[in-house]
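A short worksheet on the structure shown next.
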Amino acid sequence: MKNKEPLILAVVVFFTLVTYYLVEPFAHSQMHEHFESKGFAYSDLPEITKKGDVTRGKELVMGAAACTGCHSITSQGLEAPMDAVTAVSAYGVNAPDLSDVGAVFDERFLNTHIRNPAHALKVEHKFTPESGKIHPMPAFYGAGGDIDQEVADIIAYLRSIAPKPDKLTPKMAFETACGRCHAMHYEKWTQIGTKPAFKRKQDELEFDTNVLDYQDSLKKYMGKLPPDLSIYIRSRGEHYIKTFMEDPQQYLEGTSMPRVGLNAEAAEKVIEYLKDSGDAKRHERDSIGWNVMIYIIFFAIFALLWKKQVWRDLH
Amino acid sequence: MAHFTKATSIKDWLNQRLAIEKVEKVMASEYWIPKNINFLWAMGMVLVITFALLLVSGIFLLMYYQPNIDLAFDSVNYTIMREVDFGWLWRHVHGVAASVVFLIIYIHMFTAIYYGSYKKGREMIWISGMLLFVAFSAEAFSGYMLPWGQMSYWAGMVITNLFSGGSLHADGLVEWIRGDYVPAQAFLNRFFMLHVLLVPLAIIGLIGLHFGALRIPHVNNQDGEEIDFDEESKKYLAGDKAGSKVIRFANDFMSKDMLVVAIYLVFFFYLVFFHYDFAMDPVNFDPADGLKTPEHIYPEWYFLWSYEILRPFSTDIGLIAFAFAQVIFMALPFLDRSPNTIPASRRGLFKYWFWAMLIDMIALTAMGKVPPVEPFGTIGLYAALIFIGLWVVLPFITKLEKKA
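Quick look at the structure:
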């Protein structure tokens with residue numbers, strides 16, 4: 001009799017794959033809008049046309065009533081004028097430390113951000129004239145000279161003090177880009193920093209109180225508390241997070257989540273850190289996976305040989 | 001009391017007390033299986049192995065899981081996934097096996113339908129199998145509650161709501177099932193109990209019944225041939241292994257079972273390590289939040305077809321249709337009026353009924369997941385009507401069938 005097993009197997013595999021296709025790729029394509037990454041190019045923002053001068057940039061950043069009036073630059077020994085909890089209650093957000101921004105954020109993005117933060121961040125809908133609100137970071141209108149040159153100088157300085165790409169760790173990228181609004185409790189990260197191991201319960205309670213106070217101010221500013229990102233890599237997936245950081249408005253029109261403005265390398269690092277938190281055993285999974293596959297394939301070969309031996313007499 | 005003699009060996013000692021030789025014969029070497037069967041007959045063994053994987057991985061998970069609404073989510077996603085050595089492996093094995101076990105159950109079911117393995121003396125095999133399907137469904141649903149993610153919570157909310165019976169407004173029954181007005185601690189605790197004790201006990205009992213139900217009518221074969229098992233087994237034992245139409249369960253059939261199991265395990269572990277997302281819904285990686293309904297709520301893929309029978313209708317009619325879909329498969333041996341126990345390909349109209357049912361259930365499955373917008377709403381409605389229609393016509397088309 002003709003052996004029908006290959007045909008039967010083909011039928012089973014066919015219907016299984018059709019069902020899989022319909023309930024997974026097809027259904028998800030119908031449920032969620034899909035956006036392709038634009039490669040973190042920020043082509044809606046103008047390019048930097050001038051060549052920046054680091055020394056001049058330093059003067060502008062450090063000058064009276066300039067950046068350091070609010071921002072710390074800890075790598076240069078400049079502390080913030082107020083602590084995070086006070087800053088967030090005064091401004092709604094805590095101004096980021098500028099040590100790493102030159103390595104984390106895209107130049108075009110910074111170029112616009114310095115002059116018009118709400119536009120670069122794509123949160124102008126929150127700061128309309130009718131709302132009476134203005135973005136907490138004052139726009140830079142120039143220091144008397146050519147503003148294009150001055151902004152280029154500032155960016156040149158920020159880049160000069162920023163860590164080289166190989167020195168920027170995933171954790172640093174995450175903290176600068178996401179960490180002032182998002183907690184990540186699987187990595188012990190809170191909006192005011194990594195939660196240390198306390199010896200005294202009182203100190204821990206004080207820390208927790210500060211986090212809660214900070215979160216209350218943040219809630220007021222953002223509308224709701226930004227979510228904890230511990231396992232966002234599993235709940236949202238890499239593609240969604242990447243394209244969401246690139247432009248949150250395309251997914252959630254009117255959201256108060258700003259465009260993050262990362263450059264492509266820093267975005268990869270943020271993703272890496274999200275994986276370290278939410279998919280911590282991925283390397284172990286891959287290596288064990290291959291070993292198990294090899295083991296099972298050998299098992300299948302022995303099973304085939306055994307079957308052949310047993311069935312030799314039965315045919 | 002039986003007469004015992006001084007044992008000559010450990011085997012003899014055991015034999016006198018437990019009759020192990022006899023047991024071995026009854027269970028394995030003289031448990032006769034037809035020779036003309038294909039790999040679909042190995043799905044039972046594949047299910048046994050998958051159930052064993054679920055049981056073992058579940059035992060490991062149980063050592064760290066916390067059935068508490070404040071701790072459950074992190075006990076799974078932090079403690080088991082990050083802190084416990086190989087916790088991630090047990091969880092992925094458990095999650096993937098829970099999904100794949102239904103794929104195999106459906107293949108097993110449709111094999112039985114195709115070859116008529118529920119007919120003429122095999123009704124109890126079918127009924128015990130469908131009871132196993134119900135028990136596995138309860139096991140899957142209760143297990144899905146335990147990580148206490150968004151889908152756990154909202155699926156728990158939606159499914160327990162079904163028990164209000166639409167216009168009957170049996171809200172008291174829903175509260176009784178939940179132990180609260182909404183899914184909360186009492187709800188999680190009882191579903192934990194169901195998942196780790198009561199339902200597994202029922203499953204183990206039903207597996208015993210399912211195997212027992214096979215003994216008297218014997219396993220069906222792929223040609224619809226009526227085999228005289230006594231005659232053929234004598235032939236085999238007399239040495240005519242090639243001429244006999246039956247083979248021993250062990251090692252003859254077992255060796256083929258194991259080959260199929262091995263190939264299945266290659267597929268299974270590929271999914272566990274490299275393609276597990278289909279079995280672990282992303283939405284359930286957000287912690288349960290009773291104030292935030294997810295954008296799309298849908299059951300796991302294996303419940304989608306029955307969910308879609310509920311969805312296109314108004315509440316009351318939907319619930320009746322849903323209830324119909326849940327029980328109707330149980331009645332298959334009695335709705336099929338044909339006297340033939342042969343493959344569907346040789347059964348006239350039933351051949352078309354079989355493929356129509358398979359394709360219709362896949363259509364229902366697909367429509368159950370996508371949002372109920374057009375054209376999916378209409379396709380879902382027609383697929384649901386066709387499902388009901390196919391069951392209505394089944395007795396008539398099988399009655400028309402001529403005796404083969």
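Protein sequence lines, in the order shown, are assigned to chains A and B. Note that our numbering gives residue 145 to position 145 of the first sequence, counting from 1, and the numbers run on in steps of one. Note that our numbering gives residue 245 to position 245 of the second sequence, counting from 1, and the numbers run on in steps of one. Ideal placement from N, C-alpha and C gives every residue a C-beta, glycine not left out.
Distance from the CA atom of Val12 of chain A to the CA atom of Tyr115 of chain B, rounded to whole angstroms, is 15 angstroms. For the stretch 370 to 392 of chain B, the set of positions with a beta-carbon nearer than 7 angstroms to some beta-carbon of chain A reads Val370 and Pro371 in chain order.
Per the Cβ contact rule, the stretch 205 to 215 of chain A is not in contact with the stretch 242 to 262 of chain B (fewer than 3 Cβ pairs under 8 angstroms).
The C-beta of His113 of chain A has 16 or more other C-beta atoms within 10 Å across all chains shown, which makes the residue buried. The C-beta of Ala331 of chain B comes no closer than 8 angstroms to any C-beta of chain A. Residues of chain A whose Cβ lies closer than 8 angstroms to the Cβ of Arg82 of chain B are, in chain order, Tyr186, Ala280 and Lys281. Less than 8 angstroms separates the beta-carbon of Ala28 of chain B from that of Ala250 of chain B. When DSSP assignments are scanned along the stretch 107 to 161 of chain B, the uninterrupted stretches of alpha helix (DSSP H) that are 4 or more residues long and fall wholly within it turn out to be 123 to 145 and 150 to 161. If you ignore the 5 residues before and after Glu175 of chain B, its C-beta comes within less than 7 angstroms of the C-beta of Tyr181, all in its own chain and listed in chain order.
Using a Cβ-Cβ distance cut-off of 8 angstroms, the stretch 112 to 131 of chain B and the stretch 86 to 94 of chain B are not in contact, since fewer than three pairs of beta carbons, one from each stretch, lie closer than that value.
In the three-state scheme derived from DSSP, where H, G and I count as helix and E and B as strand, Arg248 of chain B is classed as strand.
For Pro6 of chain A, the enclosing alpha helix (DSSP H) stretches over residues Glu5 to Tyr21. Taking C-beta atoms under 8 angstroms as the contact rule, Gly52 of chain A and Ile155 of chain A qualify, at a distance of about 6 angstroms.
Taking all protein chains shown into account, Pro117 of chain A has 16 or more neighbouring C-beta atoms within 10 Å of its C-beta and is therefore buried. Non-local C-beta neighbours of Lys171 of chain A in its own chain, meaning closer than 7 angstroms and more than five positions away in sequence, comprise Tyr273, ordered along the chain. With fewer than 16 other CB atoms across the displayed protein chains lying within 10 angstroms of its CB, Asn3 of chain A is exposed. Residues of chain B whose Cβ lies closer than 8 angstroms to the Cβ of Trp311 of chain A are, in chain order, Asp252, Ser255 and Lys256.
In this chain, the alpha helix (DSSP H) harbouring Trp311 of chain A covers Arg282 to Trp311.
The three-state reading of DSSP puts Met63 of chain B in coil, since its state is none of H, G, I, E or B.
The beta carbons of Lys369 of chain B and Leu304 of chain B sit about 5 angstroms from each other, so the pair counts as a contact at 8 angstroms. Of all residues in the stretch 290 to 302 of chain B, only Glu295, His296, Tyr298 and Trp301 place a beta-carbon less than 9 angstroms from a beta-carbon of chain A. Partner residues in the beta bridge of Trp189 of chain A, as assigned by DSSP, are A:Met184 and A:Thr194. Residue burial is scored here from C-beta neighbours: Ala41 of chain A has fewer than 16 other C-beta atoms within 10 angstroms and is therefore classed as exposed.
In the same chain as Pro258 of chain A, and ignoring 5 residues on each side of it, the C-beta atoms closer than 6 angstroms to its own belong to Leu121 and Val123, in chain order. If one requires a minimum length of 3 residues, the beta strand (DSSP E) runs lying completely within the stretch 238 to 295 of chain B are 246 to 248, in chain order.
In the displayed model, Ile69 of chain B falls within coil according to three-state DSSP, outside both helix and strand. Put simply, the stretch 229 to 244 of chain B does not touch the stretch 41 to 57 of chain B. Fewer than three CB pairs are less than 8 angstroms apart. Taking a 10 Å sphere around the C-beta of Ile362 of chain B, we find 16 or more other C-beta atoms and assign the residue as buried.
When the five nearest sequence neighbours on each side are left out, the beta carbons in the same chain lying within less than 7 angstroms of the beta carbon of Pro34 of chain B are those of Val219, Asn221, Ile227, Lys245 and Val246, in order along the chain. Interface criterion met: the Cβ of Ala262 of chain B is under 8 angstroms from a Cβ in chain A. Pairing Asp279 of chain A with Ile233 of chain A gives a Cβ-Cβ distance under 8 angstroms. Below 8 angstroms, too few C-beta pairs join the stretch 130 to 143 of chain A and the stretch 294 to 304 of chain A to call them touching: fewer than three. Within chain A, the residues placing a beta-carbon under 9 angstroms from that of Thr365 of chain B are Thr19, Leu22 and Val23, ordered along the chain. Within the same chain, and ignoring the five residues on either side of Trp391 of chain B in sequence, the residues whose Cβ sits closer than 6 angstroms to its Cβ are Ile328. Its Cα nearest to that of Phe253 of chain B, the residue B:Trp32 stands out among B:Trp32, B:Lys6, B:Ala19 and B:Leu14. DSSP places Ile33 of chain B in no alpha helix (DSSP H) but in the uninterrupted beta strand (DSSP E) bounded by Trp32 to Pro34.
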